[in-house]
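Numbering (the numbering used here), first residue to last: 2 to 812.
Ideal placement from N, C-alpha and C gives every residue a C-beta, glycine not left out.
Single-structure report; data block below.
This is the structure:
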């Protein structure tokens, strides 16, 4: 449950403060509460705030009466007859009967106008008939002209020719006879065109026969001309006009003789020319072969020109051709061999490796000669050997022998131009092996062996006394990263890769040397060429051919005609005009209030016992169909006497069938609570129901509308209870103006007696009922001037309530 502060407004006469003979002081309290604070029970829906632009003092509704059947039929008949009907502004009448009488009068006036229109229609029918006859005559004449022109166009499209324009006189468009004469003339010209076509086709057939034979002759001459020209014959052409097939036969025989003579002369020349062309083609092929080879391979190709005697006979040219073709075959063989060698020259990466060891031997008579030797294989593996000797060599032999093994790592790459790139990547030292032949007799026992890079960086050394054999595994790789590019036929020269020292009493030194040679040699080839063949002698052959020229072509002349002018029709009489209007009138809006017991029986001015249930029935005003303005508000306002009646809820129903704009029909008696919002104030007893504006907007214009409310209550106190309500309506016109129309109801009264109290020895003390009221809390200081004024105003309202009770009893 929620609470809200009500906004009260005063409506004179009905619906706000209910009258009760048993009101007394409590009414004053209720009034004071209504002014200074009210507790609202709004557990049904929230309140609405209607907007009012104007208030209608008399409760009524303006109805726009729809046209009756008589007026509707009169309007339809007049419209069917061709009367131009317009609708004027609505007019006001007293009631529905006056509106209907006026519609009957308007219908009679429209019927008179319709009768006059029917007479005009008859006159126009005759005018139409005459106009139609004139129009048909014009159309027939036009059709004849169009047929003539269409046939002329068809003939012209089929056969060509010349089209001339012929003018026909159809009159001034007012006489059917003139149209008929023009039609006959057009039909005559159409027949003349038919005859012209027939004559033209006969002449054309003769002409085409000559042309066909002449074309055949000329085609034969053209073919012969092309044939003779291709053989070198000079053709002289002569034109002659022929007029018969016989002339064509004579020309044919003459041309055939000239062609035969020319062919006989060119036969020999063609054979010689063919042999020459074949010989020249062979020469061109040979020349192109040699030229291409020299262009592509430059100085690698040399040319040897062969002398050939050509001559000018057919056989000489044939011998020349055979010799040249043989030279072409020889050249082709040489080129293939050259290209194969050239490819090998470009792609070969094979180098010749020359290896050696440069040593500085010791030649000493005292200790004997010392030596160092070396061998490097093609795969790069090498062996260096040296001896160790002293003064006992001659007696005891060589002291011992040392051997160093390893590999020189290199790769070769062909550069595509005959040169080869050699990369010395590294040297692998495998081992050093010393073989002792005898004991070292010398005082110096310090033998040492050293290996250095070519840059004098020591990479291996071994110190020993020479008395024992041993093998020292080295397994070391020394990077060189040296790259050499060797041109074809060139070499790198000596390349030192290691330095080896054998040191003892006398030192022996050696260097490992490698030399790479590129064996590639650029290949060469010698091709043969010849002089061109001698041109054959020029012999001019002539032939005179006669072509046939066509005779004059027959010409087709056709005629086209003008069409008939539009008819000058008699104008029709104008249709009559008429207007009508709708009538509007006001009807009173009334409401009915009743009070029923729980059995549905009216107890107005009757008795309702305490704790019994009653029903206030609020029948709203009936808003009839065809209202001028739209219903935008339909509210109920009632005030229950909270001293005597306890509110128990409500229902709202349709009192008439209601048709919505979408065709939906809400039956009479249907529950409308889904379209309503209700507010009930338990302090003031104010009960207010609003029908949703969206729902009202859906009501069709031709539908009645009326609703009623059933307020259920329980009588909780004795007394005479009076009650009425106000039905708040509002209408909106087409311009958006809204008029408020409050419709008050009649007043009902019910009497509730005090229940009889049984006699008892003692007079029971009657409980004084406590009036419950809920006042919204005040804010601020309770001793403020506002609080004091509110208290004084409350006392005054209580006094006013007492005076009201006294006056009601006097009434």
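For residue i, three-class secondary structure by DSSP
{"i": "residue 94", "result": "coil"}
{"i": "residue 181", "result": "helix"}
{"i": "residue 670", "result": "coil"}
{"i": "residue 171", "result": "coil"}
{"i": "residue 570", "result": "coil"}
{"i": "residue 59", "result": "coil"}
{"i": "residue 337", "result": "helix"}
{"i": "residue 522", "result": "coil"}
{"i": "residue 113", "result": "helix"}
{"i": "residue 396", "result": "helix"}
{"i": "residue 779", "result": "With a pLDDT of only 31 at residue 779, under the threshold of 50, the placement of this residue in the model should not be trusted, and no figure is reported."}
{"i": "residue 300", "result": "helix"}
{"i": "residue 616", "result": "strand"}
{"i": "residue 739", "result": "strand"}
{"i": "residue 832", "result": "Beyond the ends of the chain as shown, which are 2 and 812, falls residue 832; an answer cannot be given."}
{"i": "residue 149", "result": "helix"}
{"i": "residue 556", "result": "coil"}
{"i": "residue 158", "result": "helix"}
{"i": "residue 251", "result": "helix"}
{"i": "residue 545", "result": "strand"}
{"i": "residue 661", "result": "strand"}
For residue i, the nearest candidate out of the options (CA to CA)
{"i": "residue 551", "options": "214, 468, 657, 74", "result": "214"}
{"i": "residue 308", "options": "609, 321, 301", "result": "321"}
{"i": "residue 387", "options": "373, 472, 380, 463", "result": "373"}
{"i": "residue 290", "options": "312, 326, 316, 241", "result": "326"}
{"i": "residue 631", "options": "649, 662, 267", "result": "662"}
{"i": "residue 612", "options": "637, 589, 648", "result": "648"}
{"i": "residue 617", "options": "652, 629, 147", "result": "652"}
{"i": "residue 165", "options": "350, 341, 193, 352", "result": "193"}
{"i": "residue 109", "options": "98, 74, 620", "result": "74"}
{"i": "residue 337", "options": "525, 495, 398", "result": "525"}
Supposed close pair residue i, residue j - CB separation, criterion 8 Å
{"i": "residue 744", "j": "residue 592", "result": "5 Å"}
{"i": "residue 385", "j": "residue 511", "result": "6 Å"}
{"i": "residue 138", "j": "residue 181", "result": "6 Å"}
{"i": "residue 136", "j": "residue 568", "result": "5 Å"}
{"i": "residue 377", "j": "residue 356", "result": "3 Å"}
Backbone CA spacing between residue i and residue j [nearest angstrom]
{"i": "residue 446", "j": "residue 360", "result": "24 Å"}
{"i": "residue 159", "j": "residue 196", "result": "15 Å"}
{"i": "residue 150", "j": "residue 83", "result": "42 Å"}
{"i": "residue 262", "j": "residue 335", "result": "51 Å"}
{"i": "residue 279", "j": "residue 294", "result": "23 Å"}
{"i": "residue 264", "j": "residue 224", "result": "13 Å"}
{"i": "residue 272", "j": "residue 256", "result": "24 Å"}
{"i": "residue 757", "j": "residue 607", "result": "18 Å"}
{"i": "residue 434", "j": "residue 383", "result": "14 Å"}
{"i": "residue 624", "j": "residue 85", "result": "35 Å"}
{"i": "residue 594", "j": "residue 654", "result": "15 Å"}
{"i": "residue 656", "j": "residue 733", "result": "23 Å"}
{"i": "residue 488", "j": "residue 332", "result": "29 Å"}
{"i": "residue 451", "j": "residue 523", "result": "45 Å"}
{"i": "residue 48", "j": "residue 692", "result": "The predicted position of residue 48 is uncertain, since its pLDDT is 40 and thus under 50; a value taken from the coordinates is nonetheless stated next. If you take the alpha carbons of residue 48 and residue 692, they lie about 11 Å apart."}
{"i": "residue 668", "j": "residue 60", "result": "26 Å"}
{"i": "residue 188", "j": "residue 177", "result": "17 Å"}
{"i": "residue 232", "j": "residue 238", "result": "17 Å"}
{"i": "residue 243", "j": "residue 212", "result": "9 Å"}
{"i": "residue 790", "j": "residue 719", "result": "At residue 790, the pLDDT of 39 sits below 50, so the modelled position is not reliable and the matter cannot be decided from this model."}
{"i": "residue 94", "j": "residue 702", "result": "20 Å"}
{"i": "residue 689", "j": "residue 610", "result": "26 Å"}
{"i": "residue 694", "j": "residue 573", "result": "55 Å"}
{"i": "residue 520", "j": "residue 420", "result": "10 Å"}
Those residues which DSSP pairs with residue i across a bridge
{"i": "residue 483", "result": "425"}
{"i": "residue 450", "result": "463, 503"}
{"i": "residue 1", "result": "Past the boundaries of the shown model lies residue 1; the chain is included only from 2 to 812, so the question cannot be answered."}
{"i": "residue 531", "result": "Residue 531 pairs with nothing; no bridge assigned."}
{"i": "residue 383", "result": "377, 407"}
{"i": "residue 193", "result": "For residue 193, which the question treats as bridged, DSSP gives no partner whatsoever."}
{"i": "residue 687", "result": "640"}
{"i": "residue 561", "result": "166"}
{"i": "residue 435", "result": "403, 471"}
Distance cut-off 7 Å: residue i Cβ against heavy atoms of the ligand HEM
{"i": "residue 243", "result": "Only the bare structure without any ligand can be found here, which leaves the ligand HEM out of the picture."}
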